[in-house]
Every structure is written in C-alpha cells, then in structure tokens.
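One structure below.
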Amino acid sequence: MRTLVLNAGYEPLAIVSFRRALVLVMNEKATVVECTEDDPIRGTRRSYDRPAVILLTRYVRMPGARRTPVTRRGVLRRDGHRCAYCGKVATTIDHVQPRSRGGGDSWENLVACCLRCNNVKGDRTLSELGWELRIVPQPPRGAHWTVRGAERTDPVWEPYLATAA
C-alpha cells in the first residue's frame, strides 16, 4: 500500500510507503486526509488507520524541483511506445536534431523511435531525408509526471491528482 503526500496547498508532492506516511503522522509532521478504513495497522498497544492521503504540516517548496528529468523510459512513455516517424512499436529513442549537429538531450529534441527508422535516419536531419514527425515533442505535463510513482494510482487519490493537472 502506498500513500499520496500533499503540501499545504493540497498539491500532490510524492507517493510514499504507508510506513513512511505513518511515521510522518506519528511525529506530527503530517495529518491524515484520507484513510483506508477496512485495513487498519495493528501495533503492540493500539490500532491505526492506514493513511491513503496525508497533508504535510510544513513544507518549503524548492524552485525548479517540479521539472521532469529527461529519461529514455520517460520519452518512450510520453510517446506511447510508438515511433514518431512511422507509428510502429518503438523500442529506442532518437535525437530529432542529431547530437553531432548541435542537438541536445531535451524533451523537445528526443522522440520514441523504432529500430528500423533509427538505423535509416542515422546522423541525418529530417529535411535531408524528407521525413516529418507524427507528433510535436514537448515536455510532459500533469500530476502523473510531476509526482513520482503516480503511474499506478489509488482511486482515493484522483481528486487530488486532478487538481495538479
């Protein structure tokens, strides 16, 4: 079981284990907003409700901490594991503007690509090949990208994740 952590503005921050959430609540660093009623945690002296959503009582927001890092896995997920050139199943990523020609590792320059298209494209630009992108590469948005671990959500979290989108 996992727990959604919110800041004072009810924005989702992270997803932690229920044990970590319970420690935060017991140390009065967080309060329980939603709990799983039918699955309590039994201690030696008493029973606790299993937290599903907690609210941090104090949180200092770090500027720029919400940027989603560029990863191979993230690019494939953003593009739905579909090749940006032909639409087939993608297993690799490709630099639209090759790195040898000044292209960087950014969300705007990386796309999911099938092995065949990646080999054909090689170190050339789209204009040299006469190709077009099927998608416009851009940084991903929404709570499922800014909150780590939000790919698999609990139905109780939906109202809180919807506010961050």
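Heads up, the sequence shown is in the working numbering, so the first residue is -8 and it goes up one at a time. Glycine residues also receive a C-beta, built at the ideal position from the N, C-alpha and C atoms.
Does DSSP put R73 in a helix, a strand or coil?
-> In the three-state reduction of the DSSP assignment, R73 falls in the strand class, which pools E and B.
For the region 23 to 37 against the region 66 to 79, are there 3 or more C-beta pairs whose distance is under 8 Å?
-> Using a C-beta cut-off of 8 Å, the region 23 to 37 makes no contact with the region 66 to 79, since fewer than three inter-stretch Cβ pairs fall below that distance.
Contact check, V44 vs L106, beta carbons under 7 Å | Cβ distance not < 7 Å, so V44 and L106 don't count as in contact.
Excluding the 5 residues preceding and the 5 following K79 in the sequence, name in chain order all residues of the same chain whose CB lies nearer than 6 Å to its CB.
-> Leaving aside the five residues that flank K79 on each side, the residues in its chain whose CB is nearer than 6 Å to its CB run, in chain order, C105.
My understanding is that N18 touches Y50, with C-beta atoms under 8 Å, so please give their C-beta distance in whole angstroms.
-> By a beta-carbon distance limit of 8 Å, N18 does not contact Y50. Their separation comes to about 14 Å.
Which residue spans inside the region 23 to 69 form an unbroken alpha helix (DSSP H) run of at least 4?
-> Within the region 23 to 69, the alpha helix (DSSP H) runs of at least 4 residues that lie entirely inside it are, in chain order, 63 to 69.
Might you give, ordered along the chain, the residues of its own chain that have their beta carbon closer than 7 Å to the beta carbon of E99, omitting 5 neighbours on each side?
-> Excluding the 5 residues flanking it on each side, E99 has same chain C-beta neighbours closer than 7 Å at P128, Q129, in chain order.
Any idea which residues DSSP pairs A103 with across the strands?
-> Bridge partners of A103: I84.
V147 by DSSP, collapsed to three states: which one?
-> Three-state result, V147: helix.
Under 7 Å, do E25 and V147 count as touching if we go by C-beta distance?
-> Between E25 and V147, the gap from beta carbon to beta carbon is short of 7 Å.
Kindly give me the distance between the Cβ atoms of A12 and P60, rounded to whole angstroms, as I take these residues to be in contact under 8 Å.
-> The pair is not a contact, with the Cβ atoms about 25 Å apart (cut-off 8 Å).
With burial defined as no fewer than 16 other Cβ atoms inside 10 Å of the residue's Cβ, what is the status of P124: buried or exposed?
-> A small fix is needed here, since residue 124 is Leu in this sequence, not Pro. Classification of L124: exposed, given that the 10 Å Cβ count is below 16.
Give the straight-line distance between the Cα atoms of V102 and S38, rounded to the nearest whole angstrom.
-> V102 and S38 have their C-alpha atoms roughly 50 Å apart.
Buried versus exposed call for M53 [16 or more other C-beta atoms within 10 Å across all chains shown] | Summary for M53: the model assigns pLDDT 49, below 50, so the residue's position carries little reliability, and this model does not support an answer.
When the distance is taken between beta carbons, is V23 closer than 7 Å to V16?
-> Cβ distance < 7 Å, so V16 and V23 count as in contact.
So which of N110, C74, R73, T116 has the shortest CA-CA distance to R90?
-> The residue from N110, C74, R73, T116 with its alpha-carbon nearest to that of R90 is T116.
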